[in-house]
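Engineer: What follows is a single structure, and I will ask about it in a moment.
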Amino acid sequence: MEDITIGHYEVDTNGQIAELDRVKLSGKVSGSKSAITWVAGCALAILTGDLSVRIWDIETNDNYVLSMELTTTSGERQAGSGTPAVLEVFTCVAYCTDTQTLSAGTSQGNLYTWRRAGGSYARSYTNSEMQWQLTNVTPVRGTIKSLVWGTTEANRPCMMVNCLSSVFILKEQSLLSAHARQVWATQKKSNELLIRHASGREVMLHTDISIIHLALNELHLVVTNGRTVAVYRIDQAGSMRGTGMANGESDGNVLAVSFVDSFAIECVAVYLYEQSIVALCSEQVKIYSLSGIILQEIVFNGNEGKPIGVDLVGPYLTVFTLHGYIRLYDVSRHDIRLLQPPKNAYDLFEKFGEIIMARTNASGTYVAITIANEQLLPDGKLYLWNLESNVLTAREFHAHEPNGGRGRWLKDGGERATGASAGSSHTCLPVSFFWDAEDARLLACETKPLPRMQQQQQQTRALQPESQILVLFVDGQKSELAELEVMEPNCGTAGPGEQLELIGMCVPHLIVLRRNEIARLSLRDFKGLDTCDLATREMVLNFSLNVAQENMDQAFSCIRSLRSDTVWANLARLCVQTGRLDVAKVCLGHLRCARSVRALRRATEDPTLEPEARVAVLAIELGMMEEAEALYKRCGRYDLLNKLYQASGRFEEALEVAEHFDRVHLRNTYHRYAEWLKECGKTQKAIQYYERTTSLMHNISQLLMDDPAALKQYMQATTDPELLRWWAQYVESSGDMEGAFKIYQRSGDWFSQVRILCFIGQVGRADEIARASGDRAACYHLGRYYENSGKLQEAIQFYTRAQTYGNAVRICKENDLPDDLWTVACTARARDKASAAAYFEESGDYRRAVELYHRAGMLHKAVEMAFRSQQPESLQVIASELDKSSDPDLVARCADFFVGIEQPYKAVLLLANARQLARALTVCAENRVPVTETLAELLTPEKGDLGEGERVALLLRLGDILQEQGDYHAATKKFTQAGDRVRAMKSLLKSGDTEKIVFFTVVSRQKDVYVMAANYLQALNWQNDAKILKQIVDFYTKGQAYSQLANFYANCAQAEIDEFRDYAKALNALQEADKSLYRAARSASGAQPEPAVSALHKAIAEVKWVIELQNATERREYSNVIKKITARRKEWGDTDPPVRVWDVLALLVECLVATGQHSEALYYLRELAQRKPDWYHQELLDKTVLDRLEAETGVNLEPYVNVTKVKRPMTATISTMSDDEEIQEVFE
């Protein structure tokens, strides 16, 4: 033997080599050849010169030898090629990255092939060696010198094997298999088939041809190599015949298979129905008899294209062509029947490329189809075509998270969970599907996650299954596929790294290929019913389908006639997975389990139990403890899981649950575990867990009572006060006072220490302990001891420390100790205070008696005595504590007392606290008591305390009092609380607070309040404040006081003329007044008085006349203005309000000066001075006019014109408050 050293190096960009790792392997035979190749990107496959292949994982630095045994479905290990020949060694090795296949050739011509399982998920397995499985051993002629992987024309992997004298090209072919209900066949080699029967008999069939396709039914087997078809007969009951056996001996455990015939056919695949063989040829589909006679030939035209796929389920044949046409035939008769005209898939699908597979169900009513899109990529959907209604529905697939149960009873919670994570679900691709061989409703489909999803979900690869098998059923009402159950091939049913391949369905089994052999997996609802008869199978299947469709009435009718206890027991166990407790009750009833039915009924009636916890009760009754544990964990009921573990004697697990999840019952768990250990005789361990509980005294004493030495030893080491107290009492009962005293000291029992010291006569020491500890029981005991000894002062002192004041009061009264009694009674209870007060009353000490009665809560007694003994100070203290719960007569007497001593404020305060508000207001009004803000709140009645009328009356009375005292804001608040906003507004107006008046008006929204506020605002300087002016208009408008609004507009017009000679603004105001009068006339029942309207119209006309004169003057039409004024003056003689005569005279003088009529100008100027002596202050004439007149006439006018010009302030304009803006209010 020689060693092999392998080094791992890294080459940098400069060409420098650095060693990263080195490993030394042994086992190389002298003179043999070694080989090495990369596998899986980060590992090396190494030939060590013997019949073994070693893998060195560089990342983990792990190395292991690949298995040389084939694994069967039963778990048995078979040697790769029998017993290895002497000196057979591996000579070469090669790895295919596309299929992750490792091949190694030997010196004896055997080619070993390993497949790396798990794909991109292989790293999720703990044991790396389990990633590799030996899948096949292929013999070739000669010693294999080298291996090279390549590709075929179809871009499929192939291997070239160099055997010195010849070169073989091997291509990888999927393992062929076929299945019927009682018999199935699996390809072992290119010309070998393993045929097995359901009874356990099997045979290895050797053929003369390399098999590329096969078909099977209960009686016959058909195989082909593409050129020849061979037919074999399967004799399920007879012995072996023919020459196709593995050996020529007859064996009762060997299945009999005999050769029937063979004939030449150029075909791609063969299918078998009873006595007919369906062959898929390159151009057409032919139907032969078992002897090779052509029975039918199906040809296709150029539009349909060549047939590319065939499927046969029962008598129904499905053929699909290259151009997307689908033909459906019934081959049960001698002349095949076309079920319907050929259908073009382009008419069925929007984005169609080609058909991948199409299969018809066992009744010929539905066709399941998978297609490729226009880019010839699978579209990821499974289509269901209803032939009767010509309806096509599609189903998409997403990866299910692993869960071990049906979970349908958690449907709502599951939908919420999946809905929350829908964005992260894995899209899956249907890779194969099969209808059930007999039941037309069931279909099995295998799905795998898409590679792109695998790349995106790298962090969740360990949770995502490699593939899933879904059992679907046809929902006839909706014509769609619904889910019945989900099976994860690599979870539970297969070991790590093993993959299952779906090859068929035959209720009650799914037919899968596992470890290169056929395995039958029972459907979930048929576990334990694999060998049931047809009637039972139909009932259980119908029951399962109805449960899936939630048709419970039909589901019950399906199982009602079952009589087998085994069936009912299996259905009851199934109810644990489905969560159907109603069905479980029926099952348990048929099983005659009355106790279990009672437990289940109680669980369903318990509202505190979650659905999972109720199902767990069923699981416990059926002995399914693991399922019960999982259910309790799932719903978070760790308290019930704790009880389950305790009842099962699994206290270690119960403690773990209690310590981490159920700490509420932790001490109870400790106690039960200790009790269990006690029964088992494990005393020391039981003591440890008793110490963790809170009931040490009873448990430890009972546990160790029979062993005094152990009990004493434990007590000497313990520090538990309760346990030490019990031990001290036990020692005291034996007469050992000193020993008991020491133990009492350890336990901190002061009373027992004082008791023992008094007993043995060490009173001084007992006194010190009682004073230092302050323990009430110790002080009481010492007080009694002193009382019995005649030491009254010490007794009173310790009774007081013990808070037993009755004993101290008794001693003071019996021995006439008033001062001590007063000291004790001040800190005593109410009963003792009353007793001491009675003593002081009898002895004539009324001051102390009144105070003690007061402190004892006997107010009547205290007040009565205070009145009798004339103690106003004490009465004031008592009165300050009275409230609405106090006696009204007592309150009245105290109030009268305060009024009598001229302290009415205290009387009012007392009555307010006692809620005698009417009497309090009377006293307040009669004695003019100032009402503060705090007192006003006390005098305000709460809603609900009094009737509404009485409450309003009190508030109005309180408001009147506040108003009389000048507190207008507080009065407004009380009037508002009483609901009288008018009185509140009147009170607020008296305060003169404009801001609060406006705010209150806006909040009140009452007509009268609006009018009052507007009237108030008119008294302010509204001429210079536009905000106030607008508020006046708004309030009159909202209060619908249009007449008052018109008067206000008229006043505005007059103010504009008198102060600023602005006739334009005056005209606007008068027009607004006219609008307001119109509104008033429209809203009033009668018409507006005619004189007011006519006077207003006359004023408007006069103002317009003045405006026309002003405009004409500006246009320099002086003669026209002079003519109009003189004419009007002759007719009218004087102007009426609002027009002022001096304004007209000023215009006239200005026009006369402009026209040069100086004498007339001086005449009218003198008249102007007579009518308006202060005309020059009003700036009625411009200075330039006067200067011109003075210059042209020579008259000295300097004293009349040399005045300062008054600048006009900015004022509000009426034009901005047009009535065009309608203000609409809804008045309450």
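In this text, residue positions in the sequence shown follow UniProt numbering: the first is 1, and each later residue adds one. Ideal Cβ positions, reconstructed from N, Cα and C, are used throughout, including at glycine.
1) How long is the line joining the alpha carbons of Y288 and V331, rounded to whole angstroms?
2) Between D1073 and R928, what straight-line distance do the alpha-carbon atoms span, to the nearest angstrom?
3) Which stretch, first to last residue, makes up the alpha helix (DSSP H) that contains H781?
4) Nearest to Y325 by alpha carbon, out of Y1164, I294, P315 and A358?
5) Spell out the partners DSSP gives N63 in its beta bridges.
6) On the DSSP bridge assignment, give the partners of Y366 in chain order.
7) Please name the residue in P307, C593 and T578 whose C-alpha comes closest to that of Y614.
8) What does the Cβ neighbour count give for P708, buried or exposed, with the cut at 16 atoms within 10 Å?
9) Can you tell me where the alpha helix (DSSP H) with Q1031 in it begins and where it stops?
10) Rounded to whole angstroms, what's the CA-CA distance from G423 to L450? Just pull it up for me.
11) At what residues does the beta strand (DSSP E) containing D475 begin and finish?
12) Run the CB neighbour count on T1126, radius 10 Å, all protein chains shown included, and call it buried at 16 or more, exposed below.
13) By the 10 Å Cβ neighbour count, where 16 or more other Cβ atoms means buried, how is residue 1238 classified, buried or exposed?
14) Could you check whether the stretch 138 to 156 touches the stretch 476 to 485, counting it as contact only if at least three pairs of C-beta atoms, one from each stretch, sit closer than 8 Å?
15) Measuring straight from C-alpha to C-alpha, what distance separates I6 and A43?
16) Taking the alpha helix (DSSP H) that C158 falls in, what are its first and last residues?
17) By the three-class DSSP mapping on this structure, what secondary structure does S120 have?
18) Look at the Cβ atom of L1168, then the Cβ atom of L1145, and state whether they are nearer than 8 Å.
19) For N344, which option in T370, N303 and H334 has the closest C-alpha, if you only look at C-alpha atoms?
20) In chain order, what are the residue ranges of uninterrupted alpha helix (DSSP H) at least 4 long that sit wholly in the stretch 543 to 630?
21) In angstroms with no decimal places, state the Cα-to-Cα distance between V11 and E19.
22) Write down the C-beta distance between Y638 and D662 rounded to the nearest angstrom, noting that I regard them as a contact closer than 8 Å.
23) Using the Cα positions of S557 and N546, report the straight-line distance between them to the nearest angstrom.
24) Cutting at 7 Å between CB atoms, please list the residues of its own chain near T460, excluding the five before and the five after it.
25) Could you check how far apart the C-beta atoms of V931 and D967 are, in whole angstroms? I think they sit under 8 Å.
26) Kindly indicate the opening and closing residues of the beta strand (DSSP E) around E297.
27) Using a 10 Å radius around the Cβ and a threshold of 16 neighbouring Cβ atoms, would you call H781 buried or exposed?
28) Taking the alpha-carbon positions, what's the G75 to A444 distance?
29) Roughly how many angstroms lie between the CA atoms of V583 and A619, to the nearest whole one?
30) Would D832 and Y805 qualify as a contact pair, given that the criterion is a beta-carbon distance under 8 Å?
31) Tell me the DSSP bridge mates of M487?
32) Using CA atoms only, rank isn't needed, just tell me which of K1098, E354 and L541 is closest to F526.
33) Taking its Cβ as the centre, do 16 or more other Cβ atoms sit within 10 Å of D412, making it buried, or is it exposed?
34) What would DSSP say about A215, mapped onto helix, strand or coil?
35) Following the continuous alpha helix (DSSP H) through M1012, name the residue where it begins and the one where it ends.
Structural biologist: Taking the definition as stated:
1) 11 Å
2) The amino acid at residue 1073 is misidentified as Asp; the sequence shows Ala. In a straight line, the C-alpha of A1073 is about 49 Å away from that of R928.
3) Its alpha helix (DSSP H) spans residues R776 to N788.
4) A358
5) W56
6) In the DSSP output, where bridge partners are listed per residue, Y366 has N386.
7) Here residue 614 is Arg; the residue named in the question, Tyr, does not match the sequence. Comparing Cα positions, the closest option is T578.
8) exposed
9) A1026 to K1038
10) Unreliable positioning characterises G423 in this predicted model, as indicated by a pLDDT of 43, which lies under 50. The coordinate reading is nonetheless provided below. Computed Cα separation, rounded: 15 Å.
11) Q468 to D475
12) Classification for T1126: exposed.
13) In the structure displayed, the chain extends from 1 to 1228; residue 1238 sits before or after that span and is not available.
14) no
15) 12 Å
16) Per DSSP, C158 belongs to no alpha helix (DSSP H); it is in the beta strand (DSSP E), P157 to N162.
17) Any reading at S120 must be qualified, since the residue scores a pLDDT of 41, below 50, and its modelled position is unreliable; the value itself is stated next. Reduced to three states, the DSSP call for S120 is helix.
18) yes
19) N303
20) 552 to 559, 565 to 578, 581 to 590, 594 to 605 and 611 to 621
21) Spanning the alpha carbons of V11 and E19 requires a straight line of approximately 9 Å.
22) Taking 8 Å as the upper bound for CB-CB distance, Y638 and D662 are in contact here, some 4 Å apart.
23) 10 Å
24) Unreliable placement is indicated for T460, whose pLDDT of 45 sits below 50; the coordinate value is still reported in the next sentence. So the list is empty, once near-sequence residues are dropped.
25) 7 Å
26) I294 to I298
27) buried
28) Only weak support exists for where G75 lies, its pLDDT of 49 falling under 50; the coordinates are left without a value.
29) 14 Å
30) yes
31) I469
32) L541
33) Bear in mind that the predicted position of D412 carries a pLDDT of just 41, short of 50, making it unreliable; the figure below should be weighed with that in mind. With fewer than 16 other Cβ atoms within 10 Å, it is exposed.
34) Residue state, collapsed to three classes: strand.
35) K1007 to Q1018
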